[in-house]
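K.L.:
Mind having a look at this structure? Questions to follow.
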Amino acid sequence: MDYFLELFLGGLTRGSIYALIALGYTMVYGIIELINFAHGEIYMIGAFTGLIVISVLTLLGWNTVAIIIIAALVAMVYSAAYGYTIEKIAYKPLRGSQRLSALISAIGMSLFLQNYVLLAQTSNFLPFPNLIPEFGIVKPIEHIVRSTEIVIYIAAALVMVGLTVLIKFTRMGKAMRAVAQDRDMAMLVGVDVNRVISFTFVIGSSIAALGGVLVASHIGQVNYYVGFIAGIKAFVAAVLGGIGSMPGAVLGSLVLGWTESFFTGYISSDYEDVFAFVFLVLILIFRPAGILGRSQTDKV
Amino acid sequence: MMTFQEIKKSFLAAIWFMFLTFPIMVIKVNTIEKTIEWHWWRMAAVGLGAFGLSFLWRYLIRRKEAGKRKAEVGGEDKQTLVQRLLSNPRFYLPGLIATAVMVVAFPFVFSLYQTNIMITALIYVVVGLGLNIVVGLAGLLDLGYVAFYAVGAYSYALLNVHFGVSFWMALPIGAALAFLFGILLGFPVLRLRGDYLAIVTLGFGEIIRLVLENWNEFSFGPSGIANIPKPGLFGIDLNLQQSTTFIYFLMIALALMTIFVVRRLQDSRIGRAWIALREDEVACQAMGIDKTRTKLSAFALGATWAGMGGVVFAAKTTFINPTSFTIWESIIILCVVVLGGMGSIVGVIIGAMILILLPEYLRAFSEYRMLIFGVILVLMMVFRPGGIISDVRRTYKFEGLGNKTENKSQ
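If you're matching them up, the sequences are chains A and B in order.
Counting from 1 along the first sequence, just add 7 to a position and that's the residue number in my numbering.
Counting from 1 along the second sequence, just add 241 to a position and that's the residue number in my numbering.
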């Protein structure tokens, strides 16, 4: 039973991590129908910025809890700024042209950002200090779950609640829904579409950065390439749940996290990713628009 | 006043980029020795660079928008210089002859190293043209195309290791196996569209690679297969130089065959069906085109070329392992197609040449080449989203009908 619980919680951790990245993917996709390939890189830049802030503040001898909070906040601000700038440079001029062009532009951006960090920093894995304190409550179940993981669950849950409130109950959320449904129509009724799109990138990027700092704390290392794999996995999760739908992204991430965790735990760790992809293919065969996605009917 | 505003904009851009790049560019951490280096000069460089480049950026964006407006007003299809040259017989024929002479002379004039690069580029031409069928003509976004490339390469390598099958036997077998895998992938994804299709194909590519990596008994795992023989020429012993030249001409022949077949396919019934499918799936079905067959044939035929490219790749490098078939490879092939201009054969050839030769010749700036490559991809797409040579839509002109109206079929 303990083993099952361990796998369950491990899957939950993975799922929450995927969810933090997948939410940004799905938000951007919902609004401008673009696979933002550079999203994984934004996550990586968040982790790196966090590491830099932590290193500087540790040298200054600050309190560890203050350091991790400040690092997460600075990383979020910077990633948001990156997301904003990337949208302005690489995607905005391409609005209205073929969707594949925007995808290639996103791939180019992703390559650029990876190599930018590689050249400015290093190609090696850098150890990432775990500054999240061990909570007293976690002590008895320490062998199953660490406090970092609990922080990840809480962060993911808070982000989900926050986003739901934002989308459902604020003016900006309403504007986002309007743009997602019909951009031209939203423009006609006075929605500032450019602002909404920028806002979406800013929110999605800062969530990814939060994920980046937490995951790096959990795993304990970071390099310039971590964003790519994480981005692919999160994208798979977003599609699994039904891309464009936020509950779908979370559900897809959790399902992916659990299947991976149970599969590795009970069957084989070699074919973990194979299984994840086979699972994805199977789900999409039976539900071509993802678990929560609505299948579109064409109007002729 | 205009100029003052421009300067102000650029100044703000410079400030913004200095802020943006501050932590990553300026502060270099070494978490092992717990030291921090500060590179303030980099911040100044970023500021100056951003200040200058933002002028250029705004100028180019303005030019692009002016061009777009002109095209909307004029309504005429603007042909690029290359397209006009290609359609003009006076340049076309000498151009063709010059190209042919260059192609034939290439391995004798340039070094072995250059010839090898050119072979790689030609493999990408063939594979790119294959993907062009799937993405450019049929409009199915395939992010796992490298899987078929891997199928081709591994079928030659494995058949050779176990049964001693020669290159010439392996070429059709590899192509046939890739064809089968194309159908195998095609079936489950028939109902999917757009990005769901993209992600499933991506998954398929990863499945193949991961199986090759983990199934040691079958594929020799990550250590790969070495000592794959180069293609033979009627049993004549070739030295390294000669065999490279031979593969070069083999690739030229294969590329020419691919171009010929793809061209014929494009104009055939099935080719038109692909284009119809790309333009509008529902209308296409309403016109009585069998969607299943059309999609499957696109996947299968596209995969065939990748299979052949894979066989040649295995023969050329004489060593393969799963790291040659990562998703990046799929992305690069996709970039070849999109950068060159989707649906256009000349475009794909130019795209392959640029994408493969550019990183090779950028080796002089070896550290920066992938960075530059990324920038070029973005800039290309921003300023020429249709690719270098965009596919010219086939138009029918009805002339001399009464009041001489020109109807363009959409």
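Just so it is clear, CB atoms sit at the ideal spot from N, CA and C, and this is done for glycine as well.
Keep in mind it's a predicted model, so treat the numbers as computed, not measured.
Consult DSSP for A:P134 and reduce its assignment to one of helix, strand or coil.
P.N.:
Reduced to three states, the DSSP call for A:P134 is strand.
K.L.:
Any beta carbon from chain B within less than 9 Å of A:Y273's own beta carbon?
P.N.:
Judged by the 9 Å Cβ criterion, A:Y273 is not in contact with chain B.
K.L.:
What residue from A:S62, A:V84 and A:L170 has the CA that sits closest to A:I74's CA?
P.N.:
With distances taken between Cα atoms, A:I74 lies closest to A:S62.
K.L.:
Would A:Y89 pass as an interface residue toward chain B - the criterion being a Cβ-Cβ separation below 9 Å?
P.N.:
By this cut-off, A:Y89 is an interface position.
K.L.:
Taking 9 Å as the CB-CB limit, is B:N562 close to chain A?
P.N.:
Answer no: the Cβ-Cβ gap between B:N562 and chain A never drops below 9 Å.
K.L.:
Alpha carbon to alpha carbon, how far is A:L289 from B:E647? Give it in angstroms, no decimals.
P.N.:
No answer about B:E647 holds up, because its pLDDT of 46 lies below 50 and its placement is not dependable.
K.L.:
Would B:I493 pass as a contact of B:K471 if the rule is Cβ separation under 9 Å?
P.N.:
Not in contact: B:I493 and B:K471 (Cβ atoms no closer than 9 Å).
K.L.:
Does the CB of A:T20 have a neighbour CB from chain B at under 9 Å?
P.N.:
By this cut-off, A:T20 is not an interface position.
K.L.:
Under the three-state reduction of DSSP, which class applies to A:E267: helix, strand or coil?
P.N.:
DSSP places A:E267 in helix when its eight states are reduced to three.
K.L.:
Could you name the residues of the same chain whose beta carbon sits closer than 6 Å to that of B:G316, not counting the 5 residues immediately before and after it, in chain order?
P.N.:
Because B:G316 sits at a pLDDT of 47, beneath the cut-off of 50, its placement in the model cannot be relied upon, and the point is left open.
K.L.:
Does DSSP put A:E13 in a helix, in a strand, or in coil?
P.N.:
DSSP places A:E13 in helix when its eight states are reduced to three.
K.L.:
Using Cβ-Cβ distances below 7 Å, what residues of the region 420-433 of chain B are close to chain A?
P.N.:
Cβ contacts with chain A: P429, R432 and L433.
K.L.:
If the cut-off is 7 Å on Cβ atoms, which residues from the region 261-290 of chain A count as contacting chain B, listed in chain order?
P.N.:
The residues in question are D277, Y278, D280, V281, F284, V285, L287 and V288.
K.L.:
List the whole-angstrom C-beta distance separating A:A256 from A:L30, where the pair is believed to meet the contact cut-off of C-beta under 8 Å.
P.N.:
At roughly 5 Å, the Cβ-Cβ gap stays under 8 Å, so A:A256 and A:L30 are in contact.
K.L.:
For a test of the three-state rule: what should DSSP assign to A:E40, helix, strand or coil?
P.N.:
Of the three classes helix, strand and coil, the one that applies to A:E40 here is coil, per DSSP.
K.L.:
Count the other CB atoms, across all protein chains shown, that sit within 10 Å of the CB of A:E48; report buried if there are 16 or more and exposed otherwise.
P.N.:
Classification for A:E48: buried.
K.L.:
What in chain A is Cβ-close to B:Y386, meaning under 9 Å?
P.N.:
Simply none; closest approach about 14 Å.
K.L.:
I'd like to know whether the C-beta atoms of A:N230 and A:F132 end up nearer to each other than 9 Å.
P.N.:
Result yes, Cβ atoms of A:N230 and A:F132 sit closer than 9 Å.
K.L.:
From B:I597 to B:A286, what distance separates their C-alpha atoms?
P.N.:
Approximately 30 Å between the Cα atoms of the pair.
K.L.:
Using a Cβ cut-off of 7 Å, pull out every chain A residue sitting near B:L612, in sequence order please.
P.N.:
Ordered by position in chain A, the residues that pass the 7 Å Cβ test against B:L612 are F119, N122, Y123 and L126.
K.L.:
Looking at the strands, I want to know which residues DSSP matches up with A:Q228.
P.N.:
According to DSSP, which records beta bridges pairwise, A:Q228 is partnered with A:P134.
K.L.:
Would you call the CB atoms of B:G369 and B:V552 closer than 9 Å?
P.N.:
In this structure, B:V552 does not lie closer than 9 Å to B:G369 by Cβ.
K.L.:
Can you pull out the residues from the region 94-105 of chain A whose beta carbon lies closer than 8 Å to at least one beta carbon of chain B?
P.N.:
Per Cβ criterion, the list reads I96, A97, P100, L101, S104 and Q105.
K.L.:
Using only the alpha-carbon positions, how far apart do B:I256 and B:Y333 sit?
P.N.:
Each residue's Cα considered, the two are about 50 Å apart.
K.L.:
Can you find the residues in the same chain that come closer than 7 Å, C-beta to C-beta, to B:N357, ignoring five residues on each side of it along the sequence?
P.N.:
Around B:N357: T485.
K.L.:
Are B:V367 and B:A496 closer than 9 Å when you measure CB to CB?
P.N.:
Yes; because the gap between Cβ atoms is below 9 Å, this pair is in contact.
K.L.:
What's the gap between the Cα of B:F624 and the Cα of A:L138?
P.N.:
Answer to the nearest angstrom: the Cα atoms are 45 Å apart.
K.L.:
Assuming B:I613 and B:L603 make a contact with CB atoms under 8 Å, what is their CB distance in whole Å?
P.N.:
Their Cβ separation, rounded to whole angstroms, is 6 Å, which keeps B:I613 and B:L603 in contact under 8 Å.
K.L.:
Would you report the Cα separation of A:V312 and B:T564, rounded to the nearest angstrom?
P.N.:
Absent from the model: residue 312 of chain A. The displayed extent of chain A is 8 to 307, so no value can be given.
K.L.:
Is it right to say A:V198 is buried, meaning 16 or more other beta carbons lie within 10 angstroms of its own, or is it exposed?
P.N.:
Buried, because 16 or more other Cβ atoms sit within 10 Å of the Cβ of A:V198.
K.L.:
9 Å is my cut-off, CB to CB: does B:E317 come that close to chain A?
P.N.:
At B:E317 the pLDDT is 48, less than 50, meaning the model places this residue with poor confidence and gives no usable figure here.
K.L.:
Using the C-alpha atoms, what's the distance from B:I466 back to A:I157?
P.N.:
Looking at the two C-alpha atoms, the distance is approximately 45 Å.
K.L.:
Determine the DSSP secondary structure at B:V375, reduced to helix, strand or coil.
P.N.:
B:V375: helix per DSSP, three-state reduction.
K.L.:
Following the continuous alpha helix (DSSP H) through A:T155, name the residue where it begins and the one where it ends.
P.N.:
Its alpha helix (DSSP H) spans residues S154 to F176.
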